Structure formats: structure tokens, C-alpha cells
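Peer 1: Quick note, the working numbering runs 7 ahead of the 1-based positions in the sequence shown. Ideal Cβ placement from N, Cα and C applies to all residues, glycine included. The structure presented is a predicted model; accordingly, all values stated were derived computationally and were not measured. Can you keep this structure in mind? I'll have questions shortly.
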Amino acid sequence: MVRLSVTERRVLLAASALRVIGQRGLSQATTRAIVAEAGMSLASFHYAYRSRDELLTEVMQRVVDGEMEAASLSLKPGSDIRDSVLDGIHAFFEYVRADPEHERALQELLQYALVTPGLDHLARAQYESYHRAATELLSSAALAAGVTWKDPLADVARFVVTITDGITLAWLADRDTAAAERTIELAATAIARLAEPELMPTTIRSGRA
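So this is what it looks like as C-alpha cells:
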């Protein structure tokens, strides 16, 4: 029998939990169901995680990290800001489309965290991760395009997260990809209008030292 490290066990268990939640719902994602999906024993679970809630926390973070990585890989140096935003949202949306079970599981986990005493911090942590990642992506996109954001970057990031949330939930409900693509086009235009060309310092523009 191959002996797995703690890290390898955690990866397998998190992936199994995500599949169980996505296919059967959170109510069916018992510890026993998760270890059965992973082909492990209960003892293996407790060797890797202190509790089911600790596992669910990691599951949420893994999905968020995957979404944000997909968006960040779409950035192209020197791109027009609208193109950068469009590519980023498209990449995020394609990640959702590629495995909607993951996104359904994430939405169910969010609702679970909101109604479970002592776990509301997980919902906050999820959106803090979204906002932090959106802030980094928007900052990189603006730098590459030579623009600045007219509004505070944190506000623009929150706007982007709110828009992508709506696109995701609407698509999960109706699976109308064409409509989602049209919404993404409108969103990219709206977000790009929040940017303006970066002004060069007077001394540099005039050529003075």
C-alpha cells in the first residue's frame, strides 16, 4: 500500500469533498461519504484534518484560488484595459463552465457558512479572497495598460466581484452561455470606463530633468 503524506491526503480529501458536494449536495457530504469517495479510511481523514469544517474551509479556498488563477493567467502585458478586463472575466467564466459542480458546491458552502453559528467567518474569508485577488488583477491590468482607476481600487474590485457573482449565478440557473457572454461584454465596457490614462509627471513629459 502506498503511504500518502499529510499534504497528499488533504488534496485528495478536498477534491473528494468537492465532488460529493457538487453531485449530491452538502447534506450528503458526511465524513464517511467523503473518505469513501477518496478511497480512504476514517482514520486517514482525522490524520489530515481536525474536523469536517476545517476540510470545508480548505475546499472553499481551493475553488476561489482556481478561479483567480484562471483570471490572472489571461493577463497580457500592454493590453488595452477593456481587453484585459474582458479576458479576465472570460477566463473566470470558462473556469466555471468547465466544471459547474465546483461552483455549485462553493455556493452551497457559502450558504452553509452564513447560517451555521461560528462559521460566518468562512463566508467573509471567501469574499476577502475574491476582493484581494480582484484588487491584484486590476492593479496589474492597469499597470500593463498604462491607466489608473478613477475610483478607489478597493471599490472597483468590489464592483468586479459583484458583477462576476451575478454572471455566475445567472448562468448556473439558466445555462444561457450566449446571454452570459453578452453580459460579460457589457461588464468589461462598464469597468473599463472607470479607468483613465495615466498622466506622466510634467518634468518627464517636457523632457526636463
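Kindly give me the distance between the Cβ atoms of alanine 151 and serine 91, rounded to whole angstroms, as I take these residues to be in contact under 8 Å.
Peer 2: Walking along the sequence shown from the start, residue 151 turns up at place 144. Walking along the sequence shown from the start, residue 91 turns up at place 84. That pair is a contact at about 7 Å.
Peer 1: Could you give the distance in angstroms between the alpha-carbon of alanine 149 and the alpha-carbon of alanine 40?
Peer 2: Position 142 of the sequence shown, counting from 1, holds the residue named residue 149. Position 33 of the sequence shown, counting from 1, holds the residue named residue 40. Between alanine 149 and alanine 40, the C-alpha separation is close to 45 Å.
Peer 1: Give the DSSP-derived three-state secondary structure of threonine 175 in the structure shown.
Peer 2: Here residue 175 corresponds to residue number 168 of the sequence shown, with the count starting at 1. Here threonine 175 sits in helix by DSSP.
Peer 1: Please go through the same chain and pick out, in chain order, the residues whose beta-carbon is closer than 8 Å to the beta-carbon of valine 13, but skip the five residues on each side of it.
Peer 2: Numbered from its first residue, the sequence shown carries residue 13 at position 6. Within the same chain, valine 13 has close Cβ partners Tyr54 and Ala55.
Peer 1: Which same chain residues end up closer than 7 Å to serine 34 when comparing Cβ atoms and leaving out the 5 residues on each side of it in sequence?
Peer 2: Sequence index remark: in the sequence shown, residue 34 carries index 27 (1-based). Excluding positions up to five away in sequence, the list is empty.
Peer 1: Mapping the DSSP letters down to three states, classify alanine 216 as helix, strand or coil.
Peer 2: Translated into positions along the sequence shown, residue 216 becomes position 209. The predicted model places alanine 216 with a pLDDT of 44, which falls under 50 and marks its position as unreliable, so this point remains unresolved.
Peer 1: For serine 147, which of Ala43, Ala202, Gly73 and Leu49 has the nearest alpha-carbon?
Peer 2: The residue you call residue 147 lines up with position 140 of the sequence shown. The candidate whose alpha carbon is nearest that of serine 147 is Ala202.
Peer 1: Using 8 Å as the threshold, is the region 130-143 in touch with the region 60-78, meaning 3 or more CB pairs across them?
Peer 2: The region 130-143 vs the region 60-78: in contact.
Peer 1: Looking at the unbroken beta strand (DSSP E) that takes in alanine 202, where does it start and where does it end?
Peer 2: As a position in the sequence shown, residue 202 is number 195, starting the count at 1. Note, alanine 202: beta strand (DSSP E), 202-204.
Peer 1: Mind listing, in chain order, the continuous alpha helix (DSSP H) runs of no fewer than 4 residues lying wholly within the region 14-55?
Peer 2: Those alpha helix (DSSP H) runs which fall completely within the region 14-55 and span 4+ residues are 38-45 and 49-55.
Peer 1: Can the beta-carbon of isoleucine 174 be found less than 8 Å from the beta-carbon of isoleucine 191?
Peer 2: Within the sequence shown, residue 174 is the residue found at index 167, counting from 1. Within the sequence shown, residue 191 is the residue found at index 184, counting from 1. Taking 8 Å as the Cβ cut-off, isoleucine 174 and isoleucine 191 qualify as a contacting pair.
Peer 1: Out of curiosity, what's the CA-to-CA distance linking leucine 217 and leucine 117?
Peer 2: Any property of residue 217 remains undetermined from this structure, which presents the chain solely from 8 to 216.
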